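Trainee: All the letters of the sequence shown, read from the start, carry residue numbers 90 to 405 under this note's numbering.
We put the beta carbon where it would ideally sit given N, CA and C, even for glycine.
Treat the numbers as computed from the prediction; the structure is a model and nothing was measured.
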Amino acid sequence: MNKSKLICVNDCQASRRNSDSIIDLSLITQNLYNEVIECTTLSHENIQSDHIAIFTKLNSCTNTQVPSVNETPKYNINKADLNAWKTATEESFQNLEFFNNQSMEEIYQIFEDKMMLCMENIIPKTTRNIRKHHKPCWWNKTAEEKKHLLNKCQREFKLKNTPTNLIKLMEAESSFADAKDEAVDEWSALLCTQLNGSKNLKEKWSNFKKLTKKNEHNLVLPFLDSNGNILFEEEDKEKILKDTFFKGNHLNANNFDNDFYTEIMEKYINITLSEEVEEEGYMNEEISRDELEGSIAKLKKKLCTRTRQYFYRIDY
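(1) Starting from TYR357, follow its DSSP beta bridges and name the residues at the other end.
(2) Hey, would you say PHE246 sits closer than 7 Å to ASN240, going by beta carbons?
(3) Assess, as a yes-or-no matter, whether the stretch 198-207 is touched by the stretch 176-189 under the definition of 3 or more beta carbon pairs within less than 8 Å.
(4) For the stretch 189-219, which segments carrying the beta strand (DSSP E) assignment without a break, of at least 3 residues, lie completely within its bounds, in sequence order?
(5) Taking the beta carbon of CYS242 as the centre, do at least 16 other beta carbons fall within 10 Å, making it buried, or is it exposed?
(6) Closer than 8 Å by C-beta to TRP174: which residues in its own chain qualify, once you throw out the five before and the five after it? Chain order, please.
(7) Whose C-beta lies closer than 6 Å to the C-beta of LEU238 among residues of the same chain, with five residues either side of it excluded?
(8) Starting from LYS389 and walking both ways along the alpha helix (DSSP H), at which residues does that stretch end?
(9) Would a C-beta distance cut-off of 7 Å place LYS235 and ALA268 closer than the cut-off?
(10) On the DSSP bridge assignment, give the partners of LEU313 in chain order.
(11) What separation, rounded to the nearest whole angstrom, lies between the Cα atoms of LYS291 and LYS257?
(12) When you compare only the Cα positions, how much space is there between ILE385 and THR251?
(13) May I have the straight-line CA-CA distance separating GLU365 from GLU355, to the nearest angstrom?
(14) Give every residue of the same chain whose Cβ lies closer than 7 Å to the Cβ of ASN296, excluding the five residues on either side of it in the sequence, and list them in chain order.
(15) Which of the three DSSP states, helix, strand or coil, is assigned to LYS163?
(16) Taking the continuous alpha helix (DSSP H) assigned at TRP276, which residues delimit it?
(17) Is DSSP giving GLU186 helix, strand or coil here?
(18) Can you tell me where the alpha helix (DSSP H) with ASN240 in it begins and where it stops?
(19) Roughly how many angstroms lie between the CA atoms of LEU388 and GLU195, to the nearest whole one?
(20) To the nearest angstrom, how far is the alpha carbon of ASP332 from that of TRP276?
(21) State the DSSP-derived secondary structure class of LYS288, mapped to helix, strand or coil.
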């Protein structure tokens with residue numbers, strides 16, 4: 090079943106006679122799972138064998154079409170009748186009255202109800218398919234291949250939890266991370282080259298939009314200074330980044346309490362002066378044998394919080 094990528098749908102009917110087990114499953118492909126609207130075991134069959142007769146009814150067999158989950162109705166202002174909208178709003182708001190004892194929330198709610206009623210009556214709605222999978226603007230062929238390999242290793246490790254599959258999964262994760270970083274660096278270098286080679290501001294923004302239009306959720310915002318001006322020179326960007334992160338300019342005393350602010354500033358000063366400060370505490374002490382045995386016991390009892398419930402056999 091795992092190799093064939095089949096899934097089971099239970100119709101809650103016992104179908105195998107002269108046996109203590111209950112086999113009442115319909116084996117279908119994953120693509121048809123959402124289309125199943127009825128699954129009935131033909132328990133009236135007189136043949137007693139290991140084969141089970143089932144009846145599966147799909148949504149495609151009916152005339153009624155269930156709307157897709159991805160379709161969400163939205164108002165289409167372009168198809169609205171402006172004259173009808175003007176008439177409806179005038180009739181709706183001409184008798185609108187407010188009283189002195191009403192709060193601002195109540196007044197806003199009355200106004201919103203009137204407006205929503207006019208929108209429901211005048212503005213037509215349309216459905217749009219929501220795109221599920223968005224690829225970032227830096228996505229390339231190498232990252233796509235590494236992602237497919239990672240998905241394959243994840244499926245294999247999920248089906249069979251072995252040390253070999255775990256090693257393959259860890260290697261695929263590392264390989265995909267490296268490919269992703271390399272793709273981001275290549276895209277960033279190309280973006281900087283295109284922007285620096287532009288002749289005017291209009292051409293800069295045109296090249297910027299071309300390289301960032303692949304996914305609206307992954308747009309790269311322009312680099313702004315403290316006055317809100319867009320920076321294109323690399324020297325200006327480097328100066329702001331250096332002053333912000335290496336001089337602690339992003340730490341404002343008003344946003345922290347005094348003790349926490351003082352502690353953070355001391356750490357930043359020590360980092361900039363390349364001083365290694367050892368913190369006293371149990372983290373610097375040697376791990377005892379009791380702690381090690383307790384951790385191994387938690388692993389064997391699956392009480393530890395790990396994403397993969399797998400550990401190597403440890404003999405001690």
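Mentor: Straight from the coordinates:
(1) Beta-bridge pairing links TYR357 to no other residue.
(2) no
(3) yes
(4) 214-218
(5) buried
(6) CYS207, ILE211 and ILE212
(7) ALA261
(8) 378-389
(9) yes
(10) ILE319
(11) 48 Å
(12) 19 Å
(13) Per-residue confidence for GLU365 stands at a pLDDT of 49, beneath the threshold of 50, marking its modelled position as unreliable; no derived number is given.
(14) GLN283, LEU284 and SER287
(15) strand
(16) 252-285
(17) coil
(18) 230-248
(19) 57 Å
(20) 26 Å
(21) coil
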